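Trainee: Here it is: the structure, laid out below.
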Amino acid sequence: MIDKLVGKIKKLNAPIVVGLDPNLAFVPEHIQKKAFDEYGETLEGAAEAIWQFNKAIVDAVYDLIPAVKPQIAMYEQFGLPGLEAFHRTVEYCRQKDLVIIGDIKRGDIGSTSEAYARGHLGPVKVGSRSLYGFNEDFVTLNPYMGSDSINPFINTAKKEKKGAFILVKTSNPSSGEFQDRLIDGRPLFEYVAEKVNEWGSDYVGECGYSYVGAVVGATYPEQARITRKLMPKAYILVPGYGAQGATAKDLLPNFDENGLGAIVNSSRGIIAAYKQEKYAKFGAEHFADASRAAVIDMQKDIASVL
Ligand SMILES: O=C(O)c1cc(=O)[nH]c(=O)n1[C@@H]1O[C@H](COP(=O)(O)O)[C@@H](O)[C@H]1O
1 MIDKLVGKIK KLNAPIVVGL DPNLAFVPEH IQKKAFDEYG ETLEGAAEAI WQFNKAIVDA
61 VYDLIPAVKP QIAMYEQFGL PGLEAFHRTV EYCRQKDLVI IGDIKRGDIG STSEAYARGH
121 LGPVKVGSRS LYGFNEDFVT LNPYMGSDSI NPFINTAKKE KKGAFILVKT SNPSSGEFQD
181 RLIDGRPLFE YVAEKVNEWG SDYVGECGYS YVGAVVGATY PEQARITRKL MPKAYILVPG
241 YGAQGATAKD LLPNFDENGL GAIVNSSRGI IAAYKQEKYA KFGAEHFADA SRAAVIDMQK
301 DIASVL
């Protein structure tokens, strides 16, 4: 899957992942109304609204981008109907040949991680059958519980030719609280970066990159300079561009000398583009066209610095 991802990034000249984080507040009134008319103001109604919203955005942008990253929290907030909308979204994106990064940020004791890995990457055995649950191509992982919490995902990813992005230095304001703490004079995130490099060293695709990747927030370019060197084979998922304030220049340290090695996420900046002054001319009716315009602008913005 890392080869498919890198191949698509090169072909489209777009190291971009659109984050499908559909809060109801982003879903235009007319879509909400239609869903509520059909299902009432219920969890089912909310799930239908976010699914229709996602579908319109995917239809508008799929030919421009290599990948999507549905963030499971935005679906979980609507309970089981929300998770069904997550699954539908994953399946729809697969039909559109997009690489799917399930943003699930999991990691637990080994036996529990094995179950998460089966549910999100691999098949689960049911009697004589092997069945897929959510079936994303990559997942995001939280490595705080150590190697035995990560290994089940790596083993499953290897069998399935899929992959993972492991949190190394996150984009949020408090990310330094623990991640920057010094241990023997070096910040914790550097140790995690070295571990990501080690976890991925045996699992390198034809493109030269490992299918064990990392997450490094665009909001911390200085730290990215260090992590890029510590894990030369890791593809880096870079969130924080757009809504969290990072600019194209901030992304640069995550890329290699060939302009590869990183893929930049934008969620609110794309899916809620119609709410920004810059794209207001599209109006809520044409929210998906606003998202397309925002993807094109993001692609140009990143290309201008690479
Ligand atoms: O793993 C992630 O994707 C992630 C890691 C991180 O350090 N920061 C971060 O913002 N994210 C996710 O990236 C997305 C960012 O959304 P926007 O700020 O709207 O572009 C959300 O789904 C976050 O959960």
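Once you know that position 84 of the sequence shown is 84 in my numbering, the rest is easy, because the numbers rise by one and skip nothing. Cβ coordinates follow ideal geometry from the N, Cα and C atoms, glycine included. Predicted model, so just to flag it, every value in this text is computed and none were measured.
1. Please state whether DSSP places Leu131 in a helix, a strand or coil.
2. Alpha carbon to alpha carbon, what distance is there between Gly127 and Tyr92?
3. Measure the beta-carbon distance from Thr219 to Gln244 and round it to whole angstroms, keeping in mind my assumption that it falls under 8 angstroms.
4. Can you tell me whether Phe282 is helix, strand or coil according to DSSP?
5. So, is Val68 buried or exposed, given that buried needs 16 or more other C-beta atoms within 10 angstroms?
6. Please specify which runs of the alpha helix (DSSP H), each continuous and at least 4 residues long, are wholly inside the stretch 114 to 172, giving them in chain order.
7. Check whether the Cβ of Thr247 sits closer than 6 angstroms to any heavy atom of ligand 1, and report yes or no.
8. With a threshold of 6 angstroms (Cβ to nearest heavy atom), would Arg268 be considered close to ligand 1?
9. Only counting the same chain, and skipping five residues up and downstream in sequence, which positions put a Cβ closer than 6 angstroms to that of Ile31?
10. Leaving out the 5 sequence neighbours to the left and right, which residues in its chain are closer than 6 angstroms to Asp137 when beta-carbon positions are compared?
11. So with Cβ pairs under 7 angstroms, would you call Gln244 a contact of chain D?
12. My output table needs one value for Ser304: the three-state DSSP class, helix, strand or coil.
13. Closest by CA to Asn155, which one among Gly122, Glu44, Lys33 and Glu194?
Mentor: On the basis of the supplied data:
1. As a first step, residue 131 is located in the sequence shown; it is residue number 131 there, counting from the start. It is a strand residue.
2. One-based indexing of the sequence shown puts residue 92 at position 92. One-based indexing of the sequence shown puts residue 127 at position 127. Each residue's alpha carbon lies about 28 angstroms from the other.
3. Taking the sequence shown and counting its residues from 1, one reaches residue 219 at position 219. Taking the sequence shown and counting its residues from 1, one reaches residue 244 at position 244. Sure, about 6 angstroms apart at Cβ, within 8 angstroms.
4. Numbered from its first residue, the sequence shown carries residue 282 at position 282. Correct three-state label for Phe282: helix.
5. Stepping through the sequence shown from its first residue, residue 68 is reached at position 68. Buried.
6. 147 to 160
7. In the sequence shown, the residue the question calls residue 247 occupies position 247. Result no, Cβ not under 6 angstroms from ligand 1.
8. As a first step, residue 268 must be located in the sequence shown, where it is residue number 268. Yes, the Cβ of Arg268 comes within 6 angstroms of a heavy atom of ligand 1.
9. Counting from one through the sequence shown, the residue named residue 31 turns up at place 31. Excluding residues within five positions, the ones whose Cβ falls inside 6 angstroms are Ala49, Gln52 and Phe53.
10. Position 137 of the sequence shown, counting from 1, holds the residue named residue 137. Non-local C-beta neighbours of Asp137 in its own chain, meaning closer than 6 angstroms and more than five positions away in sequence, comprise Met1, Val99, Ile100 and Lys162, ordered along the chain.
11. Included in the structure is just one protein chain, with no chain D present.
12. To locate residue 304, count along the sequence shown from 1; it is residue 304. Reduced to three states, the DSSP call for Ser304 is helix.
13. If you number the sequence shown from 1, residue 155 lands on position 155. Out of Gly122, Glu44, Lys33 and Glu194, Gly122 has the C-alpha closest to the C-alpha of Asn155.
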